[in-house]
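Residue numbers (the working numbering), protein chains in the order written: chain E, 2 to 461; chain U, 2 to 461; chain G, 2 to 461. Quick reminder that beta carbons are idealized off the backbone N, C-alpha and C, glycines included. Keep in mind it's a predicted model, so treat the numbers as computed, not measured. Here the structure comes first, spelled out in C-alpha cells, and everything after it is commentary.
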Amino acid sequence: MVMALDEHRLFPMNERARAIAAELFELTSALAIISPHGHVDPTLLLDDQAFPDPASLFVSNDHYVTRMLVSAGLDVPALLAQGSRAVWRAFVENWHRYAGTASAYWLNHELQTLFDVNLESAADPDALYDALSRRLTESTFRPRALFGAVGIELLATTDDPMDELVAHATLAADPGFAGRVIPTFRPDAYLDPSHPLFAQKIDALSDWAGAPADDYVGYLGALEARRAYFIAHGAVSTDHGVLEPYTAELTSTEAAAIFRRAVAGTASAAERREFAGHMLVQMARMSVDDGLVMTIHPGVVRNHSSDALMRLGPDSGHDIPLATSYTQNLRPLLQRYGLEKDFHLVLFSVDESTYSREIAPLAGFYPSVFVGAPWWFLDAPDATLRFRAAVTETAGFYKGSGFIDDTRAFMSIPARHDMARRLDAAYLARLVGEGRVSLAAAHRIAVDLVVDVPRRAFKL
Amino acid sequence: MVMALDEHRLFPMNERARAIAAELFELTSALAIISPHGHVDPTLLLDDQAFPDPASLFVSNDHYVTRMLVSAGLDVPALLAQGSRAVWRAFVENWHRYAGTASAYWLNHELQTLFDVNLESAADPDALYDALSRRLTESTFRPRALFGAVGIELLATTDDPMDELVAHATLAADPGFAGRVIPTFRPDAYLDPSHPLFAQKIDALSDWAGAPADDYVGYLGALEARRAYFIAHGAVSTDHGVLEPYTAELTSTEAAAIFRRAVAGTASAAERREFAGHMLVQMARMSVDDGLVMTIHPGVVRNHSSDALMRLGPDSGHDIPLATSYTQNLRPLLQRYGLEKDFHLVLFSVDESTYSREIAPLAGFYPSVFVGAPWWFLDAPDATLRFRAAVTETAGFYKGSGFIDDTRAFMSIPARHDMARRLDAAYLARLVGEGRVSLAAAHRIAVDLVVDVPRRAFKL
Amino acid sequence: MVMALDEHRLFPMNERARAIAAELFELTSALAIISPHGHVDPTLLLDDQAFPDPASLFVSNDHYVTRMLVSAGLDVPALLAQGSRAVWRAFVENWHRYAGTASAYWLNHELQTLFDVNLESAADPDALYDALSRRLTESTFRPRALFGAVGIELLATTDDPMDELVAHATLAADPGFAGRVIPTFRPDAYLDPSHPLFAQKIDALSDWAGAPADDYVGYLGALEARRAYFIAHGAVSTDHGVLEPYTAELTSTEAAAIFRRAVAGTASAAERREFAGHMLVQMARMSVDDGLVMTIHPGVVRNHSSDALMRLGPDSGHDIPLATSYTQNLRPLLQRYGLEKDFHLVLFSVDESTYSREIAPLAGFYPSVFVGAPWWFLDAPDATLRFRAAVTETAGFYKGSGFIDDTRAFMSIPARHDMARRLDAAYLARLVGEGRVSLAAAHRIAVDLVVDVPRRAFKL
C-alpha cells in the first residue's frame, strides 16, 4: 500500500522505453547541480542555521504548499499564527489534496531520501513533527552541509539592484565554503514607472549615484554601474518579471522627457508602458556591452487578490498567469539586438500555447534567443513532457536554458533536478524507441542537457 | 471485424497500466450517477412517454449528431422534414464520419449495452429502424425506467428564472418516482442588456414582481426572489453562459442609471458590457447570501451562422468557441468574493489553453474556485486526458467539479459517466505506474472523484 | 550505435499498438503521393537538371535547415558565399543540433533511402560531399526521374496571379513527362493594400487588363480573368497567406472608394485592413462561382528581423507565428458563403490552441470548412499526433485536407508523406487498441486519409 520511491519513477511504463530511460538516467543522475536562476535567500547559507522544524522547512515558506491549504478553505494566516506544529498538522491532514501535484512528488522525494519518511503511511503528525525536528538538529541537515551533500555546484539568487551583496561576498571569501553562490540583477521596480516601488527605488538609486533623481542619463549610468557591481560579485544574468514582454524604442530625448514625468508621478499610463518597454531594450543594450545574460519571466498577474496580499503578503500563491505574446512584443528588441554576437535572451513562459507558436520559432532562428525551461505552473512531470514535445521539434535540444529550478524551497532543489533528468531520459527514450533519435545521440544529449546546455546559455 | 464493446476500453494499452486501470474502474463502475448540470427537459420524465423511434432518440435531438450531417453537406432541414426514417437512413449511411468522435463512442455504448446493436455490422438501416422502434415500446425503455435502471441519483436541469418549475414540483411530489430532478437558475437573458431577449425578460420579471420595469432595486429584489423560488424547488446552482467572463463593479447609482437606459434601449455597448459584468458580481453576492453554487460556461459565440439559425434554430451545432481570458476578467468578482467562506464558483472552458494557464492556478489558490469538468468540444477521451494532465499538477484532484455530462441527450448520460470513470482510472493508472501516486491513494481518489468531489463542489 | 531506419519508426512502442500500426501502414505505404499544396519551383521539373551537390539539395535552399545554423550562431550569409562545400561541412558539424526535429527525421530518411548514407556514422564530410555529388550526376537522381520513382501523382506549386505559367503548360504538353504539375493562385500582394508590393502588382494587373489602375470593377474583373487563366492551366485552389484571417463586407461603393485611395497610397491603416478583409470575402464569392478551393495560411509575421531579411532574403527562417483567431474573423465570410454548396475553405494554423477551440468546431458544422493538415512549425511527429487528437474528436476523419507537405524541398516530399502515413497509422492503432474505433473502420480510414480525403477537399 505504501509508495516507496520507485527507482524507475517518471520513466514510461513501456518496458523497452523504461530500459532505455534507465540507461540514459544512469549517465546523469550523479552529475553536479547547476542552478543558474532561483530564489533561495543567500543568508540561509551565510548563517547556516539548523532548520527549526519540518513545517518551517517544508510548508510555511513554500507558497506552492501553502496555497493548496488556502484553496482547501483553511485559514492559513490563523494557522501560521498558531505556530509550526499546527501548520504541520494541517499539512499532514490535507496531504491527499497534493496527490498528483509537483509539490507532492518533490516532498515525497525529499522526505524519503533525506529522512526515510513516507507521509502516507506516517501514523501520528505530532510524533513525526518531533522526530523530524530532532533530525534537523543534526549537523548534516545544516544548509551548507546539504549544499555539498546534494551536489550543488552553482546556485544563483535573485537580488535587488541596490543590494550590497554582503552575503554573496562573505560566502565567496569563506575558505570553509566551497560552493558558488552568485547574485542575479532583478531591476523590475527600477524600470517600470507603473511599479508601486518605482519612485522609492529611483530615489535610492540616484542617491547612491549622487545624481538628480530625474536625470535620465544619470539613471542609465547608475544602472550600468550597479550591473558592473553585480558582475564583480559573480552575477551572470539579469532577470525581468514583467506583466507583458513589451519592448519599444524611444529616442533619448523622448525617454528623458517621459522619465522626468515618471519620476514626478505625472506620466500617463501609455507613457509608462512605452518607457518600461524602452528600458527592456536598454537592458538588452547593456547586456550586449557587459555580457550579462538577459532572462524574461513574463505573463503573471502578481497578487491577484488584494485581500490575500494584505493577509498573507506577496509571493503567497495568488500570482495568476494570463495569455502572453512574444512575437510582436519582443520584435523591437530583437530587431535591434537579436542577431548580436554573444547576446543571450532566455524566454520563460507560463502560457503553454506560446511554446510551439512563438518561443521555439524565435529560438530556432535568433542566435540570441534561448528557450527557458518550463516555469512555475508548468514545472511538473506532464507539463515538462509537453514542453519538450512542443519545443524540440522546432528548436532542437541545444537552444534551451537547461533545467531551472527557480525555487525558494532550498530543500526541493535536488528533487527538482532529479525529476528534470528523469523526464529528459523519459522523453529521449521515447524518441529512441520510435526511431527518431539514435541511442548514441541520446547518450550525448542527455549529458549535454545537464552540463553543456546550461553552461552555454548562462555563459558559465 | 466487428467492434464489440471492449471491457477494457479507454484504458492505456500498456499491460501493467491496463491492469491498474481495471482495478480502479472496478471501484467506481457501479456507483450512482450524480449529474449536477445538464440540459435534459424535465417533461421527458414527467410525461414518461415511450421514445417514438431511434432517430428521435439518437439523432434528431442531439446537435452533436446532426451537426456532423450538416458538415458532410447533407440538407438536414429537408431530412428532418422527411421524417425519422429518412433521418435514420442518412445517419447510418454516414456512420463512418463519426469514427473517432465522442458521439460515436457514446452511441456505440448506448446501442450495444441497451439494444445489443452494432451499427457497423448492422445490415439494413430500415430493418434496424423497425427493430429498434419495436424495442422502444417496451416499458423498460421509458424515461423513468431508464432513469432508475442506469442508476441516476440526481439530475439537474437548466431553467429560465421565470419557469414555474411545475415538472420539478410534480416529480418531487410523485411517490412513484424516486429520482431527484432539480432545476438550475440560468438568468443570462435577464442580466445582459445585449441579449436579444433582455427587454422581454425584464418585462416578465417586473410584471411578476409588480414593480416598474426600470427600477434597479426592484429588479435585484425580483432576482433574489426567483432564486429563492428555485431553491425551494431544489436548485443548488446558478449557471451563466456568457461570451466573456467579464466582471465589473458599479456603484448602485451607476448601475441603476445604466439599467434605466438598458431597459429603455438607449444604453451604449460599453455600458451594456459594464452592466452585464456588474450583474455577474451581483450574482456572486447573492450566492454568498443564499448559498447557490455559481457556474460559468463562457467563451462560445452562439449561432455563428444566421442562415443556419433561421433554418435549424438555436442549439443546432454552430456555436463556436473563441479564446477566453479568466485571470483579468474575473478579478473584480474574486477581489470581492473570492475568499468568502462557502462561496463556490465553478469555471468551465472550451479554450484548452486556459486549463494550465488560468483555471488551475485560480482553483489552486481561491477556496471558492472549482475546476469545471471538460466541456462540450472537450468532452471526449483524448481531450479529457489532456484536461486532467493540465489541471491536476497545479490544482490536485480535489478542486474539481466532478464529472458533468451537460447533455440534452438523456440516453447518453450513463455512457458519458462510464467514459469519465474509465478515463479517470486510466489517468490514475499512469500516475501509479510512473510512481507519482500510490495505489492506495489512487483507490481513494477514484471513488472521491465520483462521490465526494461533485457533492462538495455542488453542496449536495 | 548507428540509427538505421527502423521499419516500425514512428509507431507506438506498445507491442500491440505497434502491430496494428504496421498492419495499417502496410495498406498505404505504397499508394501514390497527392500533393495539392506546396512551394516546389516548377522550373525544377521543366529544366530537369541534375542537382549540383548535396549542400544545394539538402541545405542551402531549405530554410528549415539554414535557420538552425543561424540559431547556432553561424554566419550563414558568409557560409553561403563560401560555396556549397563550406555549407556542407558546417551542416555536418552541426548535425547534432537537429536531433529531435522534423528536419533531422526527413533528412535521415532521404539520405538513407536514396543514398544509403547515415550522417551520424559518416566519417569525413568532404568525402561524403564528393560521393554524394557523384551520385547526383546519375540520371536516376534527376528531378523528373525522382518524381516518378517516389510515386508523385500530383504536385501543386504556388504562383503569382500574373505568372504566365509557362513551366506548367510546357510540362503538361510534354509527352515524355507523365506527372501532373498544377499551379495555385496566390494573390496576397494584389488584395492587401498594406502589402509592400501592392502598388506594383496592381499596376501590372491593370496593365494586363488594359484598365485604369484604380478602377475597382476592372480590378475584380481582372482577378476573375486571372483565376480563369489559372483554372485553364490546371489550378484547383487559391491560397491566402494573411497575417490575420480577418474578413469584412463592404458595399461596392465603399470598396471602390477605398480601392482608389489604396492605389493612390492614401488609404488609412483601418481602411486597408477593411479592404483586405473585404477582398477575402470576394475571393470566396469567386470560388463559389468558379469552383476554386480556397485555402488560408494565416498567423505568421513574415521577416521578423529586417536585418536578416536584408542579409538572407525572404523565406529564410524568421517568419514567426502569433496567436490567431478564426471564429470572429471568418464570421462575415462564413455568414455569406459558409453553407454554399461546393464551396471549400481549408483552414491551416500555426497556433495549436485553435485546433480544438476553433478549427474543428467550424469544420464540424460548416460543410464548406475543412481542417488543414498540421502546418510549418507543427509538421513534425509529436505535433501531428497532437493535431489528430485535437481535431478528430470534434470533426472526425473526413473533414480534413489530407496530408499537405507544403514544402520547397522537393527531395523531402516522399519522406514527409511517409511520415504522415505512419503517424496516421500510429494514431488509429491507439484508437483501435483503446476500443474507440474498430480495426475494420481503421482499415478504411487509413486508406481514405491518403486517397479520398485529399481528393474531396481539393476537388481532384
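Check                                                                                                                                                                                            : Outcome
Report back the beta-carbon spacing between U/Leu172 and U/Pro43 to the nearest angstrom; my notes put them in contact at under 8 Å.                                                             : 7 Å
With a 10 Å radius around its C-beta and 16 neighbouring C-beta atoms as the bar for buried, classify G/Leu147 as buried or exposed.                                                             : buried
Entirely within the region 285-363 of chain G and at least 4 residues each: give me those alpha helix (DSSP H) ranges in chain order.                                                            : 307-313, 332-338
Say whether chain G places a C-beta atom closer than 8 Å to the C-beta of U/Glu272.                                                                                                              : no
Quick check: the region 82-95 of chain U against the region 388-407 of chain U, are at least 3 beta-carbon pairs closer than 8 Å?                                                                : no
List, from N- to C-terminal side, the beta strand (DSSP E) runs of 3 residues or more that fit wholly inside the region 220-253 of chain U.                                                      : 238-241
Please list the partners that E/Val351 has in chain U, where partner means a Cβ-to-Cβ separation under 7 Å.                                                                                      : Arg358
Quick one: which chain U residues come within Cβ less than 7 Å of G/Arg332?                                                                                                                      : His305
With contact counted as at least three CB pairs below 8 Å, one residue from each stretch, are the region 369-376 of chain U and the region 364-384 of chain G in contact?                        : no
Is it buried or exposed, G/Pro362, if we count other Cβ atoms within 10 angstroms and call 16 or more buried?                                                                                    : buried
Using a beta-carbon distance cut-off of less than 8 Å, what residues from the region 377-394 of chain U approach chain G?                                                                        : Phe378, Leu379, Ala381, Pro382, Asp383, Ala384, Arg387
To the nearest whole angstrom, what separates the beta carbons of E/Pro37 and E/Phe459, a pair I think is in contact under 8 Å?                                                                  : 4 Å
Have a look at the DSSP bridge pairing and note the partners of U/Gly401.                                                                                                                        : U/Val372
Residues of the region 9-34 of chain E in Cβ contact with chain G at a cutoff of 8 Å, in chain order, please.                                                                                    : Pro13, Asn15, Arg17, Ala18
Whose C-beta lies closer than 7 Å to the C-beta of U/Tyr99 among residues of the same chain, with five residues either side of it excluded?                                                      : Met69, Ala105
Please say whether E/Arg227 and E/Val282 have beta carbons closer to each other than 8 Å?                                                                                                        : no
For a cutoff of 8 Å on Cβ pairs, would you count E/Thr138 as touching chain G?                                                                                                                   : no
Which residues, taken in chain order from the region 94-115 of chain G, show a beta carbon closer than 7 Å to some beta carbon of chain E?                                                       : His97, Arg98, Tyr99, Ala100, Gly101, Thr102, Ala103, Tyr106
If we count the other Cβ atoms within 10 Å of its Cβ and call it buried at 16 or more, is E/Leu11 buried or exposed?                                                                             : buried
Starting from the C-beta of U/His279, find all residues in its chain whose C-beta is less than 7 Å away, skip the five residues before and the five after it, and write them out in chain order. : Ala249, Glu250, Leu251, Ala256
Would you kindly work out how many angstroms separate the C-alpha atoms of E/Leu112 and E/Gly300, rounded to a whole number?                                                                     : 33 Å
Take G/His298 as the anchor and find which of G/Ala212, G/Asp290, G/Pro176, G/Leu323 has the nearest alpha-carbon.                                                                               : G/Leu323
Does E/Leu6 pass the burial test, meaning 16 or more other C-beta atoms within 10 Å, or should it be called exposed?                                                                             : exposed
U/Pro53 CB to nearest chain E CB: under 8 Å?                                                                                                                                                     : no
Pull up the distance between the alpha-carbon of U/Ala364 and that of U/Lys400, whole angstroms please.                                                                                          : 6 Å
Thinking C-alpha only, which one of G/Ala441, G/Gly436, G/Ala430, G/Ala174 is nearest G/Pro13?                                                                                                   : G/Ala430
Does the beta carbon of E/His319 come closer than 8 Å to any beta carbon on chain U?                                                                                                             : yes
Does DSSP classify E/Asp160 as helix, strand or coil?                                                                                                                                            : strand
Could you tell me which of E/Phe398, E/Gly434, E/Pro415, E/Arg409 sits nearest to G/Ala73, measuring between CA atoms?                                                                           : E/Phe398
If you reduce the DSSP assignment to three classes, tell me which class G/Glu154 lands in.                                                                                                       : strand
Short of 8 Å in beta carbon distance, which residues of its chain neighbour G/Ala200, apart from the five on each side in sequence? Order them along the chain.                                  : Val264, Gly266
Hey, could you find the ends of the alpha helix (DSSP H) G/Ser72 is sitting in?                                                                                                                  : 64-72
Kindly list, in the order they appear in chain E, the residues whose Cβ is closer than 9 Å to that of U/Glu435.                                                                                  : Asp7, His9, Arg10, Leu11, Phe12, Pro13, Met14, Pro382, Ala427
If we ignore side chains and look at the alpha-carbon of each, how far apart do U/Met2 and G/Ala441 end up?                                                                                      : Residue placement at U/Met2 cannot be trusted, given a pLDDT of 35 that sits under 50; what the coordinates show is reported in the next sentence. Spanning the two alpha carbons is a distance of roughly 5 Å.
Here's a check: name, in chain order, each residue in its chain whose Cβ is nearer than 6 Å to the Cβ of U/His110, leaving out the five neighbours to either side.                               : Ala416
For the alpha helix (DSSP H) containing G/Arg409, list its first residue and its last residue.                                                                                                   : Per DSSP, G/Arg409 belongs to no alpha helix (DSSP H) and is neither H nor E.
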